[in-house]
Each structure stands twice: as C-alpha cells, then as structure tokens.
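Structure first, commentary second.
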Amino acid sequence: MNKIDIRTVEVTQYVQPLREGGSMPAIVKADDGFLYVLKFRGAGQGKMALIAEFIGGELARAIGLNVPELVFMNLDDTFSKTEPDEEIQDLLKFSVGLNLGLHFLSSAITFDPIVTPVDELTASKVVLLDSIISNIDRTDKNTNLLHWNNELWIIDNGASFYFHHNWDTWKNHLTRTFPLIKDHVLLKKAGKLAEAAELINQLLTKEKLDDIISNIPEDWLSVESEKMSPKEMRAAYVEFLTTRLSKMDQLVKEASDAR
1 MNKIDIRTVE
11 VTQYVQPLRE
21 GGSMPAIVKA
31 DDGFLYVLKF
41 RGAGQGKMAL
51 IAEFIGGELA
61 RAIGLNVPEL
71 VFMNLDDTFS
81 KTEPDEEIQD
91 LLKFSVGLNL
101 GLHFLSSAIT
111 FDPIVTPVDE
121 LTASKVVLLD
131 SIISNIDRTD
141 KNTNLLHWNN
151 ELWIIDNGAS
161 FYFHHNWDTW
171 KNHLTRTFPL
181 IKDHVLLKKA
191 GKLAEAAELI
201 NQLLTKEKLD
211 DIISNIPEDW
221 LSVESEKMSP
231 KEMRAAYVEF
241 LTTRLSKMDQ
251 LVKEASDAR
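Each residue of the sequence shown is one higher than the one before, starting from 1 at the first, in UniProt numbering.
In structure tokens:
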C-alpha cells in the first residue's frame with residue numbers, strides 16, 4: 001500500500017478572498033510558488049471542517065477520483081496586521097497555525113449537471129463516497145464539483161462527518177444510512193453503483209483508513225472542552241468509516257431506490 005504523504009507549506013501571500021458560503025476561503029500563495037485555496041481553521045465550523053475536508057478528499061483520491069493536492073498550510077500572525085477588511089482580519093487572526101490548502105485549479109469551471117458530461121462509474125463512486133462520509137453538501141444548488149481539463153474534480157467535503165460536531169452522540173450515527181443521498185447532484189447519472197461499490201470495498205482497506213486518519217494533525221483534534229482524546233477521536237473516525245463500508249449493500253440499495 002502506498003502511504004499518503006502530505007506536504008506542509010508556508011503561506012507567503014494572501015491573494016484574494018473567495019466570498020463563497022460561510023467559510024470565506026481564500027486564494028493564497030505558498031513558499032513552494034504555487035497558489036492554493038486556503039480553508040481556515042478560524043472559520044465557522046473550525047477545525048472540524050478541515051478534518052472533514054481532509055478525510056473526504058483523501059478517501060476520494062484513494063478510490064480513483066480526481067482531487068486537488070491537499071497540503072497543510074502554516075499561517076503566521078503577520079497577515080492579519082496588514083489586512084484592512086475587519087472581517088478578513090479577524091479570520092486571519094483566529095487562523096494562525098496549521099490550516100488546509102487545496103491546489104488551485106486555474107480556469108476550472110463549476111460542474112453543471114445539465115451540460116457537463118460525467119461517466120456512470122465516476123458518478124457512482126462520488127455518490128457512494130458521499131453516502132459513506134455523510135456529505136450533505138453536493139446538491140444541484142451547490143455541486144462542490146469542478147470541471148477542469150475535461151475531467152471531474154472533487155472539492156469541498158467540509159460538510160461531511162457531521163457527527164463530530166457533537167462527540168457525545170457520535171455512536172448513534174453508526175446504525176444509520178444516508179437518506180439525504182436522494183438530493184445528490186450526480187444520483188441520476190450514477191448507473192453503476194454495484195460496480196463502484198465493489199471497487200470502493202477493494203480500495204478502502206483498514207490499512208488505508210488508518211493511514212488517512214493517522215495523518216490528521218494532532219492540533220486539529222485537540223479541543224480543550226472535549227472529553228475525548230485525539231487518540232480516541234482517531235479510533236472513532238476509523239470505526240465510523242469501517243461501519244459504513246460494512247453497510248455498503250444498504251447504501252447501494254438506498255441510492256438505487258432514490259434513483
């Protein structure tokens with residue numbers, strides 16, 4: 001198994017905000033010379049959204065979907081001091097430390113389900129991925145998909161794993177499926193769910209899950225008010241994903257029925 005290797009880079013320039021949704025991501029430049037879309041730890045859903053973004057992105061990559069490179073991005077305190085916009089200034093101030101960046105896909109366009117082609121197997125893999133990670137935010141209104149170089153690219157998984165916003169009740173989610181899949185933007189195109197399920201089960205081994213979860217920065221899992229330790233949280237993410245994969249037949253049936 002090829003282990004994932006996540007690079008850490010330094011933010012060197014704040015280029016411009018992307019005023020989309022409540023998280024206020026931004027295009028930034030890093031010390032490797034590349035542009036990234038920076039997701040801030042100081043935004044609305046905080047570090048939990050970064051964890052969801054990271055796990056969802058690396059799971060997507062593991063099952064053969066296109067995902068921009070994910071990097072950990074260090075942001076120092078100098079940027080907030082020179083930012084004139086008060087809202088952005090606060091966001092930068094509360095995001096000092098380790099954040100998450102996605103390689104910026106220049107000239108990519110938002111996926112349009114009416115005009116953008118996507119093959120049935122790819123659509124099926126995306127649908128089942130979002131069932132597994134309980135992603136509520138891949139709909140006609142907000143596709144969170146890009147079309148770049150004639151290919152479909154997966155972005156914005158931050159609304160997944162919503163159980164982790166209340167760790168006291170996380171085990172309740174182990175017995176559930178994902179009825180909200182009925183609203184998925186690619187559901188109508190997902191004509192190869194059984195084939196996709198077989199591939200996903202082959203690729204998302206326990207070793208792969210452990211590898212992805214072990215790469216979550218300790219800092220993101222450390223919450224003063226939380227009873228669970230980072231080690232316990234890692235184990236919970238693995239248990240959640242393992243349980244979801246064990247229910248693959250139910251997820252496939254749920255998506256098929258919704259179609």
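Don't be surprised by glycine CBs; every beta carbon is placed ideally from N, CA and C.
All of these numbers come straight from a predicted model, not from anything done at the bench.
Can you say whether residue i is buried or exposed, counting buried as having 16 or more other CB atoms within 10 angstroms of its CB?
i: S131; result: buried
i: Q202; result: exposed
i: V28; result: buried
i: T122; result: buried
i: E53; result: buried
i: S222; result: exposed
By the three-class DSSP mapping on this structure, what secondary structure does residue i have?
i: L59; result: helix
i: M248; result: helix
i: F72; result: strand
i: Q89; result: helix
i: T205; result: coil
i: P217; result: coil
Out of the options, which one is the CA nearest neighbour of residue i?
i: L38; options: D32, Q45, L50; result: L50
i: V96; options: L35, L145, L152, F72; result: F72
i: L70; options: D76, G57, A108, E195; result: G57
i: L129; options: L92, V252, D211; result: V252
i: K3; options: K206, S229, K247; result: K206
Would a C-beta distance cut-off of 8 Å place residue i and residue j closer than the cut-off?
i: F79; j: S134; result: no
i: D74; j: L152; result: A quick correction: the sequence has Asn, not Asp, at residue 74. No, they are not a contact pair.
i: A26; j: S124; result: no
i: I181; j: A235; result: no
i: T242; j: L209; result: yes
i: A30; j: V11; result: yes
i: P17; j: I155; result: no
i: L35; j: L204; result: no
Using 8 Å as the threshold, is the segment 133–148 in touch with the segment 210–223, meaning 3 or more CB pairs across them? no
Pair every Cβ in the segment 80–96 with every Cβ in the segment 159–169, then say whether three or more of these pairs are closer than 8 Å. no
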